[in-house]
Amino acid sequence: MEEDFKPGEPVIEVRDLYKSFGDLHVLQGVNLTVTKGENMVVLGRSGTGKSVLIKIMVGLLKQDRGDCIVLGQEVSKLEGNDLRDLRLKIGFSFQNSALYDSMTVRENLEFPLVRNIPNLTRAEIDEQVEYVLDAVGLLQTINQVPAELSGGQRKRIGIARTLILKPEIMLYDEPTAGLDPITCLEINELINEVKEKYQTTSIIITHDLTCARETGDRIAMLLDGKFLKTGTFEEVFDTDEERIKSFYDYNFIQ
Amino acid sequence: MSANKKQFVYGKNLDNALLAVYDAYVFFIRFFREVFRGRMEFQEIVRQCYAIGNRSLLLISLTGFITGMVFTKQSRPSLSEFGATSWLPSLVAIAIVRALAPLVTALISAGKIGSSIGAELGSMRVTEQIDAMEVSAVNPFKFLVVTRVVACTIAIPVLMFYCSLVSLLGAFLNVTLNEGTSFIAFFENAFEQITFLDIWTSVAKAIAYGFTIGIVGSYQGYNASKGTEGVGKAANSAVVTSMFLIFIEEVIIVQVSNYFRI
Numbered sequence: 001m002e003e004d005f006k007p008g009e010p011v012i013e014v015r016d017l018y019k020s021f022g023d024l025h026v027l028q029g030v031n032l033t034v035t036k037g038e039n040m041v042v043l044g045r046s047g048t049g050k051s052v053l054i055k056i057m058v059g060l061l062k063q064d065r066g067d068c069i070v071l072g073q074e075v076s077k078l079e080g081n082d083l084r085d086l087r088l089k090i091g092f093s094f095q096n097s098a099l100y101d102s103m104t105v106r107e108n109l110e111f112p113l114v115r116n117i118p119n120l121t122r123a124e125i126d127e128q129v130e131y132v133l134d135a136v137g138l139l140q141t142i143n144q145v146p147a148e149l150s151g152g153q154r155k156r157i158g159i160a161r162t163l164i165l166k167p168e169i170m171l172y173d174e175p176t177a178g179l180d181p182i183t184c185l186e187i188n189e190l191i192n193e194v195k196e197k198y199q200t201t202s203i204i205i206t207h208d209l210t211c212a213r214e215t216g217d218r219i220a221m222l223l224d225g226k227f228l229k230t231g232t233f234e235e236v237f238d239t240d241e242e243r244i245k246s247f248y249d250y251n252f253i254q
Numbered sequence: 001m002s003a004n005k006k007q008f009v010y011g012k013n014l015d016n017a018l019l020a021v022y023d024a025y026v027f028f029i030r031f032f033r034e035v036f037r038g039r040m041e042f043q044e045i046v047r048q049c050y051a052i053g054n055r056s057l058l059l060i061s062l063t064g065f066i067t068g069m070v071f072t073k074q075s076r077p078s079l080s081e082f083g084a085t086s087w088l089p090s091l092v093a094i095a096i097v098r099a100l101a102p103l104v105t106a107l108i109s110a111g112k113i114g115s116s117i118g119a120e121l122g123s124m125r126v127t128e129q130i131d132a133m134e135v136s137a138v139n140p141f142k143f144l145v146v147t148r149v150v151a152c153t154i155a156i157p158v159l160m161f162y163c164s165l166v167s168l169l170g171a172f173l174n175v176t177l178n179e180g181t182s183f184i185a186f187f188e189n190a191f192e193q194i195t196f197l198d199i200w201t202s203v204a205k206a207i208a209y210g211f212t213i214g215i216v217g218s219y220q221g222y223n224a225s226k227g228t229e230g231v232g233k234a235a236n237s238a239v240v241t242s243m244f245l246i247f248i249e250e251v252i253i254v255q256v257s258n259y260f261r262i
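Residue numbers (full-length UniProt numbering), protein chains in the order written: chain F, 1 to 254; chain U, 1 to 262.
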């Protein structure tokens with residue numbers, strides 16, 4: 001079922017979502033709505049279930065209870081080709097980039113392209129690979145293997161690999177984790193460029209407040225398995241709530 | 001907290017063992033479902049076949065040659081007691097074709113290829129490369145598991161024939177140095193007693209061993225967890241489990257082939 005979403009319409013809806021791993025209750029009744037064209041930042045400490053949330057959105061994990069509706073479809077009910085079709089519209093940038101280390105950058109980018117869009121000519125494949133590499137500013141690395149790239153370059157190539165399928169939604173898992181401040185700024189700029197150029201709706205998972213402020217239209221603060229507060233950066237941090245204040249203070253002191 | 005405590009049906013260890021068997025069964029069935037579904041990754045299968053051959057050729061050459069030579073040397077005293085050293089080539093050929101070559105190939109491959117499949121897929125699992133394939137709408141099972149299992153099932157029989165040949169050369173070297181038998185006389189004598197059933201049984205064994213090494217290595221790697229420790233565990237379990245299964249298969253196939261021989 002193809003649905004065209006207009007700006008401002010919800011493309012991701014999470015309702016009363018629960019997820020546990022044994023005795024560890026990670027998500028405890030999470031609610032979230034992300035509208036088309038919006039950059040939503042999910043902020044929280046490590047281990048609060050931020051990555052679990054976006055993994056549920058892409059069908060890598062299944063919730064115990066609640067709804068996760070992406071582009072009008074309940075993800076947990078999708079199987080086979082339906083799930084595949086949905087995943088084609090979602091780009092997922094992994095925390096550690098998850099580049100295929102036995103392949104060159106070119107092969108990494110070609111891999112999802114040739115398998116999802118068959119019958120492309122060699123010239124068309126090359127053109128698309130070079131276009132997305134140019135978009136992330138790393139055309140010169142095309143014949144290198146991931147082991148020869150820096151952390152920031154790996155993140156960019158990981159983002160390029162998802163962009164090659166022209167996704168409607170981008171999910172970034174800790175895009176600035178483990179990078180130096182300058183590279184973090186470059187990645188933040190790239191996230192904003194991707195939004196402009198590809199007209200994507202994005203969820204950015206992070207615990208980095210600079211990243212949240214630079215990239216987020218709205219911010220949702222995840223604490224103890226629930227969203228404590230949602231709004232713009234200023235709305236979220238203009239609060240007397242002790243846990244949010246301490247998160248803010250600690251982050252900027254750091 | 002006690003309300004959340006996990007309940008076991010037969011006890012923790014037995015429950016876990018039964019669940020592991022069930023998981024392996026589901027993985028095995030999934031292989032047969034996926035192998036005939038969708039586009040076959042021929043290029044990757046050829047690449048894997050080359051990698052398997054490349055990884056184990058030298059080791060199989062050395063082990064096969066030494067096995068043939070040592071087996072001949074060890075058999076000579078018993079035969080010479082009855083003045084039957086002229087039977088050496090056919091005795092050695094039967095032993096090599098029926099049992100030694102398939103087993104030596106399988107055990108070397110289980111160590112070399114099984115462990116490498118387990119480690120490779122295990123490390124892809126823990127570094128989220130398999131998840132990355134899945135979210136980019138590519139079937140990782142088809143690309144990673146099916147290709148490796150098919151490649152093992154094709155490559156191990158080829159390696160087994162190569163091992164038989166090298167073992168026979170080792171045996172010939174020993175015989176010619178002791179008895180001065182010519183190359184042609186040795187191989188005429190050797191192949192005299194080999195039947196089609198012997199060759200087909202060896203091929204059947206090699207196919208079964210190849211499939212086992214591929215599927216066990218893939219299963220262990222694909223389901224690896226707990227970081228680098230899990231990768232090591234996957235590689236180790238791939239070797240131990242496939243060797244164990246290879247010996248069980250050896251017993252079964254020998255029993256079946258003996259039934260046809262009579």
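Just so it is clear, CB atoms sit at the ideal spot from N, CA and C, and this is done for glycine as well. These numbers were taken from a predicted model, which means no experiment stands behind them.
Handout entry: Anticipated Cβ contact below 8 Å, U:R30 with U:F141, distance rounded
Key = 6 Å
Handout entry: Chain-ordered chain F contacts of U:D15 [CB-CB under 7 Å]
Key = What U:D15 touches in chain F: nothing, since even the nearest Cβ is about 14 Å away.
Handout entry: Residues from the stretch 125 to 152 of chain U in contact with chain F, defined by Cβ distance under 7 Å
Key = T127, E128, Q129, D131, A132, E134, V135, S136, A137 and V138
Exercise for the section: Would you please state the rounded distance, in angstroms, between the beta carbons of F:V41 and F:V30? I believe it to be under 8 Å. Expected result: That pair is no contact at about 15 Å.
Exercise for the section: Return the chain-ordered list of same chain residues with a C-beta closer than 6 Å to the C-beta of U:S237, the five sequence neighbours on each side being excluded. Expected result: Q220
Exercise for the section: Establish whether the CB of U:R55 and some CB of chain F are separated by less than 9 Å. Expected result: no
Handout entry: F:D4, DSSP secondary structure in three states
Key = coil
Handout entry: Limits of the unbroken alpha helix (DSSP H) element including residue 271 of chain U
Key = As shown, chain U starts at 1 and ends at 262. That puts residue 271 of chain U outside it, with no answer to give.
Handout entry: Any C-beta of chain U under 9 Å from that of F:N116
Key = yes
Practice task
Have a look at U:V146 and U:F27 and give me their C-alpha separation to the nearest angstrom.
Solution key: 11 Å
Handout entry: Residue-chain proximity (U:R39, chain F), Cβ-Cβ < 9 Å
Key = yes
Exercise for the section: Grab me the residues of F:L99's own chain with a C-beta within less than 7 Å of its C-beta, minus the 5 sequence neighbours each way, in chain order. Expected result: N108, P146, R154, I157 and G158
Practice task
Could you check if U:Y25 is buried or exposed, using at least 16 other CB atoms within 10 Å of its CB as the buried criterion?
Solution key: exposed
Handout entry: Every unbroken alpha helix (DSSP H) inside the stretch 181 to 224 of chain U [4 residues or more]
Key = 183 to 192 and 196 to 222
Exercise for the section: Please look up how many angstroms separate the CB atoms of U:G53 and U:A155, rounded, as I've assumed it's under 8 Å. Expected result: 6 Å
Problem - For F:N31, the three-state DSSP class (helix, strand or coil) - result: strand
Exercise for the section: Determine which residues of the stretch 62 to 87 of chain F have a Cβ less than 9 Å from any Cβ of chain U, and write them out in chain order. Expected result: L83, R84, D85, L86 and R87
Problem - Under the three-state DSSP convention, the category F:L223 falls into - result: strand
Problem - Any 3 or more C-beta pairs closer than 8 Å across the stretch 125 to 141 of chain F and the stretch 161 to 172 of chain F - result: yes
Handout entry: Neighbour-count burial assignment, F:T232, 16 or more Cβ in a 10 Å radius
Key = exposed
Practice task
Can you pull the chain U residues whose beta carbon is under 8 Å from the beta carbon of F:F94, in chain order?
Solution key: E128, D131 and A132
Problem - Distance between U:E134 and F:E74 (C-alpha atoms, nearest Å) - result: 18 Å
Practice task
Would you decide whether U:I252 is buried or exposed? Buried here means 16 or more other CB atoms lie within 10 Å of its CB.
Solution key: exposed
Handout entry: Three-way DSSP call (helix, strand, coil) for U:N258 in this model
Key = helix
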